[in-house]
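Residue numbers are given in UniProt numbering: position 78 of the sequence shown equals residue 78, and the series is strictly consecutive.
Don't be surprised by glycine CBs; every beta carbon is placed ideally from N, CA and C.
Structure, as structure tokens:
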Amino acid sequence: MIDAVAGLLDAQGPGHSRQRPGDAQSRGEHRSVAQPSVAQPAVERPSVKAPDGEQVGGEQAGSGYLPESTASNQQQAAAGPQAARPLRALVIGYGSPIRGDDAIGPLVADRLAAQLAADPALGDGVEVQARHILTAEIVDDLVRAERVVFIDAAADLTPGEVRCCRLAPDTATLSTMAHFHDPRELLAWCAALYQRSPQAWLVSAGGADWGYASYSLSSTAQGAVEPMIAEILVLISPSP
1 MIDAVAGLLD AQGPGHSRQR PGDAQSRGEH RSVAQPSVAQ PAVERPSVKA PDGEQVGGEQ
61 AGSGYLPEST ASNQQQAAAG PQAARPLRAL VIGYGSPIRG DDAIGPLVAD RLAAQLAADP
121 ALGDGVEVQA RHILTAEIVD DLVRAERVVF IDAAADLTPG EVRCCRLAPD TATLSTMAHF
181 HDPRELLAWC AALYQRSPQA WLVSAGGADW GYASYSLSST AQGAVEPMIA EILVLISPSP
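Here it is in structure tokens:
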């Protein structure tokens, strides 16, 4: 994929910008599924109480990321992304775990992964990822999916408000920087590199507190967790 990216940028000419300003929230990269070649120590996440009293996060968070599907995909990685197992849906929750309500993306992803693991019929063909930021390698996952749902916090919404919007590739944002702040850029790279991109949506919730707090949501953001999951389940449910 690296050679293809370099070729696309060279074709765009020397005037193409390869850098953009960093995210104001200073997000750091995280992928919830450990790479097979490097032993990753377990990291305990503080628990966050959802409105119904169940935990969002905690030491089990991130442990139900469909490991069978993930292992299969890793074994086929040498054959290229299009040869890996196709996905009915890919769900990516992203946000900074230390910036209060910005953690709602990965926390909702954790909660959703646990629900899908408990319902094999619904979880079959679905992969869930929790990340600090969106990075270029996600493109190799996008090309395998029929549908993708991004989950994030939003500063432009009323705190606790949930919004679902359809996304389309945005070719005006193409760059080689490692931090992608807009899912539409990843969709554009997918279309440019593989001549296809999945159907895509962004499910976001308004945050109330962006202060430093490790995996801790405000009560307002906690109230958006269940509605976000309900919206995502509709989007990823098998077509009748």
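Can you round the beta-carbon distance between D152 and A130 to whole angstroms, since I take them to be within the 8 Å contact cut? Wrong, their Cβ atoms sit about 12 Å apart, outside the cutoff.
Proximity winner among G95, D124, V149, relative to I229 (alpha-carbon distances): V149
Should C165 and L202 be called a contact, given that it needs their Cβ atoms to be closer than 8 Å? At the C-beta level, C165 and L202 come within 8 Å of one another.
How is the alpha helix (DSSP H) around P159 delimited, first residue to last? No alpha helix (DSSP H) holds P159; the beta strand (DSSP E) holding it covers 145–159.
Quick one, are the C-beta atoms of R163 and S214 less than 8 Å apart? no
Contact belief for L134 with P183 at Cβ below 8 Å, rounded distance in angstroms: 6 Å
Buried or exposed, going by whether 16 or more other CB atoms sit within 10 Å of the CB of S237? exposed
Can you give me the C-alpha to C-alpha distance between R196 and V139, rounded to a whole angstrom? Distance from the CA of R196 to the CA of V139, rounded to the nearest whole angstrom, comes to 11 Å.
Using CA atoms only, rank isn't needed, just tell me which of T220, P159, L186 is closest to T171. L186
Taking DSSP as the reference, what is the three-state secondary structure of Q222? helix
Among R144, S218, A154, A121, which residue has its Cα nearest to the Cα of G95? The option with the nearest alpha carbon to G95 is A154.
By Cβ distance below 6 Å, which residues in the same chain neighbour G100 in space, the five residues on each side in sequence not counted? Cβ neighbours of G100 beyond the five flanking positions: D209, W210, G211, A213.
How should E44 be labelled, buried or exposed, when 16 other C-beta atoms within 10 angstroms of its C-beta is the threshold for buried? Residue placement at E44 is flagged as unreliable, the pLDDT there being 44, under the threshold of 50; the coordinate-derived value follows with that caveat. Exposed, because fewer than 16 other Cβ atoms sit within 10 Å of the Cβ of E44.
Given a cut-off of 8 Å, decide if G223 and G160 are closer than it, judged by their beta-carbon atoms. yes
Under 8 Å, do A145 and P97 count as touching if we go by C-beta distance? no
When you compare only the Cα positions, how much space is there between A136 and L87? A136 and L87 have their C-alpha atoms roughly 19 Å apart.
Do G206 and L157 come within 8 Å of each other at the CB atom, strictly closer than that value? Yes, Cβ-Cβ distance for L157 and G206 is below 8 Å.
State yes or no: is the C-beta of A188 within less than 8 Å of the C-beta of L174? Between A188 and L174, the C-beta spacing is below 8 Å.
Runs of 3 residues minimum, wholly inside the stretch 197–222: which ones carry the beta strand (DSSP E) assignment? 199–206
Taking its Cβ as the centre, do 16 or more other Cβ atoms sit within 10 Å of D102, making it buried, or is it exposed? buried
Taking the alpha-carbon positions, what's the S239 to T220 distance? 33 Å
Identify which residue in L107, V91, V108 has its Cα closest to the Cα of G125. V91
Measure the alpha-carbon distance for A191 versus G123 and round it to whole angstroms. Near 26 Å, if we compare the C-alpha coordinates of G123 and A191.
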